[in-house]
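*Asks:* First residue of the sequence shown? That's 683 in this note's numbering, and the numbers climb one at a time after it.
Here's a structure for you.
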Amino acid sequence: DLEQIDFSARDTGGALINQLAPAPLQPVIRDALPGRAQWLSWERLLLDLHSGRLAGRAGVWLADAIGVLLCALVLSGIAMWWLHRRRRQRR
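Structural data, given as structure tokens:
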């Protein structure tokens, strides 16, 4: 979880690239934090619902398939509009 990761800069010896690596929380900080909730946050629930993860692997595939079908629907709608417009201009 991102809430449990501590990002800190490492000594790169003067290099221009700094990489962040997870580090365990210090006991003083960990003890001061409230316990983790035993339920899902609304954000996590909505993200899982949106991506299809609530239904497992099949849900992810279903969400992807619905996305592809919606893209095809948009493209076919644009094609139909364009063809209709072109036919009207010929008259």
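We put the CB at the ideal spot given by N, CA and C, even for glycine.
Rounded to whole angstroms, how far is the Cβ of Gln686 from the Cβ of Leu707, which I believe are closer than 8 Å?
*Replies:* 7 Å
*Asks:* Express the C-alpha separation of Ala714 and Ser690 in angstroms, rounding to a whole number.
*Replies:* 19 Å
*Asks:* So, are the CB atoms of Leu727 and Gly734 less than 7 Å apart?
*Replies:* no
*Asks:* On the three-state DSSP scale, how would you describe Pro709?
*Replies:* It is helical.
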